[in-house]
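Converting from the sequence shown to the numbering used here requires adding 115 to each position, the first position being numbered 1.
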Amino acid sequence: MVDDETGEKIPDATIYEKQHLISSLTDANGYFSLRLKNKYPMVSISISKADYCDTSLEVQAKFNQKVNIALSRKSQPMAMTQTVIPDFTSIADAEGGFVQEEEEDDAIERKWIGRVLLSSKQRIRSLNLKKFYTTRAYQFSFVPGLSSHGRMNAQVISKTSINLIGGYSGGVDVIEIGGVFNIVKKDVKSVQLAGAFNVVGGNVQGVQAASLFNQVDGDADGVQVAGLANIVKKEVSGLQVSTLYNYAKSVKGLQIGLINVTDSNEGSSIGLINISKGKHHRWVGFLVRFPRKVKK
Numbered sequence: 116m117v118d119d120e121t122g123e124k125i126p127d128a129t130i131y132e133k134q135h136l137i138s139s140l141t142d143a144n145g146y147f148s149l150r151l152k153n154k155y156p157m158v159s160i161s162i163s164k165a166d167y168c169d170t171s172l173e174v175q176a177k178f179n180q181k182v183n184i185a186l187s188r189k190s191q192p193m194a195m196t197q198t199v200i201p202d203f204t205s206i207a208d209a210e211g212g213f214v215q216e217e218e219e220d221d222a223i224e225r226k227w228i229g230r231v232l233l234s235s236k237q238r239i240r241s242l243n244l245k246k247f248y249t250t251r252a253y254q255f256s257f258v259p260g261l262s263s264h265g266r267m268n269a270q271v272i273s274k275t276s277i278n279l280i281g282g283y284s285g286g287v288d289v290i291e292i293g294g295v296f297n298i299v300k301k302d303v304k305s306v307q308l309a310g311a312f313n314v315v316g317g318n319v320q321g322v323q324a325a326s327l328f329n330q331v332d333g334d335a336d337g338v339q340v341a342g343l344a345n346i347v348k349k350e351v352s353g354l355q356v357s358t359l360y361n362y363a364k365s366v367k368g369l370q371i372g373l374i375n376v377t378d379s380n381e382g383s384s385i386g387l388i389n390i391s392k393g394k395h396h397r398w399v400g401f402l403v404r405f406p407r408k409v410k411k
C-alpha cells in the first residue's frame with residue numbers, strides 16, 4: 116500500500132471486510148495479508164487510514180492474489196462522520212439505513228486508560244475506523260482483543276455484552292456486565308455493571324454501577340453509582356451517588372457523596388463538601404461557591 120502522490124509505503128492502515136469483521140494492518144513496508152471467507156466469488160474490502168481518504172475495492176475470495184493499493188491524502192480537514200451498518204443476518208429487528216454524526220476528537224484510545232489497557236494495534240485500528248460501526252446481537256470478551264468479534268470488537272454495537280475480565284466495544288444497547296472493567300467507545304443504553312470500573316466515550320442512559328469508578332465523556336441520564344467516584348464530562352440528569360467524589364459539568368438531579376462538584380446552576384447536592392459555580396444550586400453540607408467570570 117502506497118501514497119498515490121509520493122509513492123511512499125503506508126504503515127498502520129486498516130484493511131477490513133465488513134460482514135465477517137475480518138481485518139489486518141499494513142506493516143512498516145505497506146504489506147498486509149487478509150484471509151477471506153465468503154460463499155460469493157467476489158468480496159468487497161475497505162481500507163481506512165487516518166489523514167487518508169477511505170477507499171474500497173472488490174477482490175476474488177477464494178484465490179491467493181496480490182493487490183496493489185494507492186491511497187489519497189485528504190486535501191483539507193473534514194468533519195468526521197460515522198456510519199453504523201446493521202447486521203442483516205443475525206439481528207432481525209435491526210433498523211436499516213445509515214447513521215451519521217460528528218466524531219469527538221477526545222477519543223478513548225488517546226486517554227491514559229486506553230494507553231494502559233489497549234495494545235498499540237488496537238488503538239491504531241480503532242482510530243482508523245472512526246467512520247465504521249456495525250451491530251450484532253451479542254459480544255463476549257475475555258480481555259480486550261480476545262473476543263467473539265476478534266480484532267474488530269471495538270467497532271461493534273451489541274445488544275448484550277459480557278466481559279469475563281474486561282472488554283472494549285463500540286457500544287451497548289441493552290446490558291453490559293464486566294468482571295473487572297468495561298470500556299465502550301460510544302453510547303451505553305439500559306444497564307452497565309462492572310466489578311471495578313466503567314469508561315464510556317459517549318452517553319449513558321439507564322443504570323451504571325461499579326465498585327470503584329464510572330467515567331462518562333458525554334451525558335448520563337438515569338442512575339450512576341460507584342464505590343469511590345463518578346465523573347461525567349457533560350450533564351447528569353438523575354441520580355449520581357458515590358462514597359467519595361462526584362463530578363458533573365451540569366446537574367439536573369441529585370448528587371450524593373463526600374465531595375460533590377458541578378459547574379451548573381441547577382440540581383442538588385448532599386455531601387460534606389459541595390463545590391458549585393451555579394447561583395441556584397441546592398445543597399446539604401458545606402458549600403464552596405466560585406463566582407462566574409464576567410466577560411468585559
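Just so you know, even glycine gets a beta-carbon here, dropped at the ideal spot from N, CA and C. From a predicted model like this one, the values you see are computed outputs, not experimental measurements.
Are residue i and residue j closer than 8 angstroms when you measure CB to CB?
| i | j | result |
| --- | --- | --- |
| L244 | T129 | yes |
| V299 | V315 | yes |
| I374 | I385 | no |
| I292 | S305 | no |
| S187 | D119 | yes |
| G265 | Q237 | no |
| Q254 | S276 | yes |
| N108 | G294 | Past the boundaries of the shown model lies residue 108; the chain is included only from 116 to 411, so the question cannot be answered. |
| K348 | G372 | no |
| A269 | G285 | yes |
| V258 | G229 | no |
When DSSP labels each residue in this structure, what does residue i get in the three-state scheme?
| i | result |
| --- | --- |
| M267 | helix |
| R238 | helix |
| I292 | strand |
| G229 | helix |
| E132 | strand |
| I223 | helix |
| N144 | coil |
For residue i, count neighbouring Cβ atoms within 10 angstroms of its own Cβ and tell me buried if that reaches 16, exposed if not.
| i | result |
| --- | --- |
| A207 | Its pLDDT being 34, under 50, A207 is placed unreliably in this model, and the value from its coordinates should be taken loosely. It counts as exposed. |
| E224 | buried |
| F178 | exposed |
| R150 | exposed |
| T250 | buried |
| Y146 | exposed |
| E123 | exposed |
| S256 | buried |
| D330 | Rather than Asp, the amino acid found at residue 330 in this sequence is Gln. Under this definition Q330 is a buried residue. |
| M193 | Caution is warranted here: a pLDDT of 46 is assigned to M193, below 50, making its placement in the model unreliable, and the coordinate value is therefore given only provisionally. Exposed, by the Cβ-count rule. |
| K274 | buried |
- Query: Does the count of Cβ pairs from the segment 324-343 and the segment 352-371 closer than 8 angstroms reach three?
  - Reply: Yes, the segment 324-343 is in contact with the segment 352-371.
- Item | Those runs of the beta strand (DSSP E) which lie wholly inside the segment 287-368 and span at least 3 residues | Fully enclosed beta strand (DSSP E) runs of 3 or longer: 296-299, 303-309, 312-315, 319-325, 328-331, 335-341 and 344-357.
- Task: Can you check the segment 150-195 for any beta strand (DSSP E) of at least 3 residues that lies completely inside it and give the ranges in chain order?
- Result: For secondary structure counted as the beta strand (DSSP E) over 3 or more consecutive residues, the segment 150-195 holds these complete runs in sequence order: 157-163 and 170-175.
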